[in-house]
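Read through the structure below, which is laid out as structure tokens, and then see the notes.
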């Protein structure tokens with residue numbers, strides 16, 4: 001199921017994007033590192049369920065610790081004191097990303113983790129490319145290609161295989177009809 005889902009993601013990316021692998025190795029490693037951290041977060045986060053720590057507290061702690069850890073690196077690499085002050089829309093955009101895409105997303109992440117478990121939560125990561133392509137179409141006017149639909153279908157099959165409920169229900173139905 002996992003390999004089906006990953007295969008669907010690769011198909012959605014398209015072969016023309018895979019030919020450029022290695023052109024910007026640092027950025028590609030950063031993306032892989034982010035995916036790895038996302039996987040660790042669900043495994044690490046489920047340790048808090050027996051402690052009955054609220055998801056908001058876990059999310060706040062994780063984001064705060066990450067910010068403290070990354071601040072020296074960001075100051076060293078970006079040297080923000082050398083950059084011009086960003087405009088109002090830029091600051092509002094960053095605030096929106098911080099509040100909605102980070103703070104709210106982490107709270108939701110840990111609520112789903114507490115309710116559904118790490119495996120079901122990790123299934124959501126296969127839906128990120130699907131939502132990105134659909135939003136690109138709706139917001140940016142991008143075109144959906146045939147490969148996108150094929151990839152989405154393969155991702156859906158992977159999710160069904162990983163979840164197992166549909167497969168189990170079909171097996172029960174066939175077992176009942178065989179009797």
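Residue numbers (the working numbering): 1 to 179.
Yeah, the Cβ is synthetic: ideal placement off N, Cα and C, and Gly gets one too.
Next item on the list: Report the option in 11, 13, 156 and 46 whose CA atom is closest to the CA atom of residue 121.
Entry: Along the chain shown, one-based indexing puts residue 121 at 121. Of the candidates 11, 13, 156 and 46, the residue whose Cα lies closest to the Cα of residue 121 is 46.
Note to self: With a threshold of 8 Å, are at least 3 pairs of Cβ atoms found where one atom belongs to the region 53 to 60 and the other to the region 105 to 116?
What the structure shows: With a cut-off of 8 Å on Cβ pairs, the region 53 to 60 is in contact with the region 105 to 116, counting three or more such pairs.
Notebook entry, point to check: For residue 50, which option in 3, 115 and 73 has the closest C-alpha, if you only look at C-alpha atoms?
Noted result: Walking along the chain shown from the start, residue 50 turns up at place 50. Ranking the options by Cα distance to residue 50, first place goes to 115.
Checklist line | Cα-Cα separation, residue 91 to residue 124 | finding: Within the chain shown, numbered from 1, the residue matching residue 91 stands at position 91. Within the chain shown, numbered from 1, the residue matching residue 124 stands at position 124. Rounded to the nearest angstrom, the two C-alpha atoms are 29 Å apart.
Item checked: Supposed close pair residue 194, residue 2 - CB separation, criterion 8 Å -> Given that the chain is displayed from residue 1 to residue 179, the structure contains no residue 194 and the question cannot be resolved.
Check: With distances taken from CA atoms, which of 142, 156, 145 and 140 is nearest residue 184?
Finding: Given a span of 1 to 179 for the chain in the structure shown, any question on residue 184 remains unanswerable.
Item checked: Runs of beta strand (DSSP E) wholly within the region 108 to 150 (minimum 3 residues, chain order) -> none
Item checked: Distance between residue 132 and residue 166 (C-alpha atoms, nearest Å) -> In the chain shown, counting from the first residue as 1, residue 166 sits at position 166. In the chain shown, counting from the first residue as 1, residue 132 sits at position 132. Going by the C-alpha atoms only, they are around 26 Å apart.
Next item on the list: Pull up the distance between the alpha-carbon of residue 62 and that of residue 26, whole angstroms please.
Entry: Counted from its first residue, the chain shown places residue 62 at position 62. Counted from its first residue, the chain shown places residue 26 at position 26. The straight-line gap from Cα to Cα measures roughly 24 Å.
Check: Can you give the beta carbon distance from residue 126 to residue 137, rounded, assuming they're within the 8 Å contact cut?
Finding: For the purposes of this step, residue 126 is taken as residue 126 along the chain shown, with counting starting at 1. For the purposes of this step, residue 137 is taken as residue 137 along the chain shown, with counting starting at 1. Not really, about 18 Å apart at Cβ, beyond 8 Å.
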